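Enquirer: My structure is below; once you've seen it, I'll send some questions.
Protein chains: 2
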Amino acid sequence: MATQMIEERDGSDLGVLAELAGYHLRRASNAVGSDFARAVAGTGVRQVLFGILSVVDANPGINQGAAGRLLGIQRANMVALINEVVEQGWIDRTVAADDRRAFALTITRSGTEVLAATLARIRSHEDQMMADLSADDRAQLIALLSRIEARER
Amino acid sequence: MATQMIEERDGSDLGVLAELAGYHLRRASNAVGSDFARAVAGTGVRQVLFGILSVVDANPGINQGAAGRLLGIQRANMVALINEVVEQGWIDRTVAADDRRAFALTITRSGTEVLAATLARIRSHEDQMMADLSADDRAQLIALLSRIEARER
DNA sequence: TATTGTTATACTCTATAACTATA
DNA sequence: TATAGTTATAGAGTATAACAATA
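Written out as structure tokens, the structure reads:
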């Protein structure tokens with residue numbers, strides 16, 4: 001099997017790094033992350049916060065802890081994040097009816113609007129970042145990434 | 001085209017988030033990143049530092065700035081990172097012969113050993129994280145990610 | 001005893017602006 | 001003027017440990 005050596009014009013290259021999926025994951029994730037930030041600049045939305053809005057929208061009344069587990073966010077870190085979306089008026093936080101330790105989260109009218117508005121911007125941002133990928137490529141990418149995510153421990 | 005809805009056993013799901021490549025990139029990158037840390041725990045190596053070792057090893061005498069550009073690390077952030085690898089004795093930093101503003105970086109004997117030793121651990125860590133991917137899948141993944149990285153600005 | 005949310009805290013990565021010394 | 005490296009600083013994400021209230 002012939003391996004392809006990727007080089008800069010001046011001959012400098014990444015070395016073994018180029019073969020490591022972890023490196024490319026980090027670079028691609030950072031590239032997409034900072035373009036995401038540009039795309040939603042001024043809205044107060046960030047990648048994590050959009051995730052919370054999406055999960056709470058899809059699961060009305062979900063517990064704070066359960067939402068965190070779905071998103072891979074630790075309990076301790078959820079506190080400030082939920083405070084933020086509550087203060088923005090995007091999420092309602094009420095004591096859960098069945099468990100007085102827990103908070104039930106629901107998206108507000110305003111939160112729904114922010115979700116829709118930023119989703120539009122995010123879709124066009126993703127279209128740009130994935131411009132070199134066909135629809136199949138994109139689906140394949142998500143499928144591959146999901147298989148890696150599943151190995152989290 | 002039928003879309004597949006991914007759900008937890010209790011019926012909770014990610015909502016629109018599940019369709020966004022950016023979200024899966026972030027989750028997969030974090031999962032791989034923390035497993036990387038576990039794999040090289042105790043060595044003093046981190047993802048960024050391994051990147052620097054790899055690039056300097058592949059390009060002896062490369063400038064600090066050029067190494068940073070290859071890796072997507074800002075000038076300002078390179079300083080502390082290079083201090084770290086120099087203090088560890090993994091990299092030699094000398095004033096460049098042709099440009100007295102610049103530093104020429106070369107990997108040391110010790111750095112070469114650390115690179116080889118951690119590379120072995122990293123390869124087995126990647127094998128575990130990519131256990132659900134065929135060799136073709138893995139190559140495809142890296143190819144797809146590279147196309148996204150290329151859109152960085 | 002275990003779980004939910006909380007506080008405090010620390011580490012790492014990334015970003016920007018202003019400075020210096022050389023080119 | 002532009003570039004290489006530096007300093008200072010800030011924001012964000014993630015991690016752990018210990019605690020109170022409730023289950």
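Residue numbers (the UniProt record's numbering), protein chains in the order written: chain B, 1 to 153; chain P, 1 to 153. Ideal Cβ placement from N, Cα and C applies to all residues, glycine included. Just so we're clear, the structure is a prediction, and the values are computed from it rather than from any experiment.
Counting only beta-carbon atoms, is residue 84 of chain B nearer than 7 Å to chain P?
Expert: no
Enquirer: In this structure, does DSSP put residue 63 of chain P in helix, strand or coil?
Expert: Look at residue 63 of chain P here: in three-state DSSP terms it is strand.
Enquirer: Of all the alpha helix (DSSP H) runs that stay within the bounds of the region 21 to 92 of chain P, which reach a length of 4 or more residues?
Expert: 21 to 39, 47 to 58, 64 to 71, 75 to 87
Enquirer: So the candidates are P:108, P:54, P:30; which of them puts its Cα closest to the Cα of residue 92 of chain P?
Expert: P:108
Enquirer: Residue 51 of chain P: which of P:38, P:151, P:125, P:115 sits nearest, CA to CA?
Expert: P:115
Enquirer: With respect to the beta strand (DSSP E) encompassing residue 105 of chain P, which residues constitute its N-terminal and C-terminal limits?
Expert: 103 to 107
Enquirer: Pull up the distance between the alpha-carbon of residue 105 of chain P and that of residue 48 of chain P, whole angstroms please.
Expert: Answer to the nearest angstrom: the Cα atoms are 16 Å apart.
Enquirer: Thinking just about the alpha-carbon of each residue, which of P:11, P:32, P:45 is nearest to the one in residue 164 of chain P?
Expert: Lying outside 1 to 153, the shown extent of chain P, residue 164 of chain P is not represented and no answer is given.
Enquirer: Going by DSSP, name the residue or residues bridged to residue 95 of chain P.
Expert: P:103
Enquirer: Can you give the beta carbon distance from residue 238 of chain P to residue 72 of chain B, rounded, assuming they're within the 8 Å contact cut?
Expert: As shown, chain P starts at 1 and ends at 153. That puts residue 238 of chain P outside it, with no answer to give.
Enquirer: Quick check: is the beta carbon of residue 1 of chain B nearer than 7 Å to any beta carbon in chain P?
Expert: Unreliable positioning characterises residue 1 of chain B in this predicted model, as indicated by a pLDDT of 43, which lies under 50. The coordinate reading is nonetheless provided below. It does not: the Cβ of residue 1 of chain B has no partner Cβ on chain P nearer than 7 Å.
Enquirer: Check the Cβ of residue 29 of chain P against every Cβ in chain B and list those closer than 7 Å, keeping chain order.
Expert: Those are 25, 26, 29, listed as they occur along chain B.
Enquirer: Could you tell me whether any Cβ in chain P is nearer than 7 Å to the Cβ of residue 42 of chain B?
Expert: no
Enquirer: Inspect the CB distances between the region 33 to 45 of chain P and the region 140 to 149 of chain B and report whether three or more fall short of 8 Å.
Expert: no
Enquirer: Helix, strand or coil: which one does DSSP assign to residue 139 of chain P?
Expert: DSSP places residue 139 of chain P in helix when its eight states are reduced to three.
Enquirer: Are the Cβ atoms of residue 68 of chain P and residue 90 of chain P separated by less than 7 Å?
Expert: Between residue 68 of chain P and residue 90 of chain P, the CB-CB gap reaches or exceeds 7 Å.
Enquirer: Contact criterion: CB-CB distance below 7 Å. Does residue 54 of chain P meet it with respect to chain B?
Expert: yes
Enquirer: Between residue 97 of chain P and the rest of its own chain, which residues show a CB-CB distance below 8 Å, the 5 nearest in sequence each way excluded?
Expert: Around residue 97 of chain P: 104.
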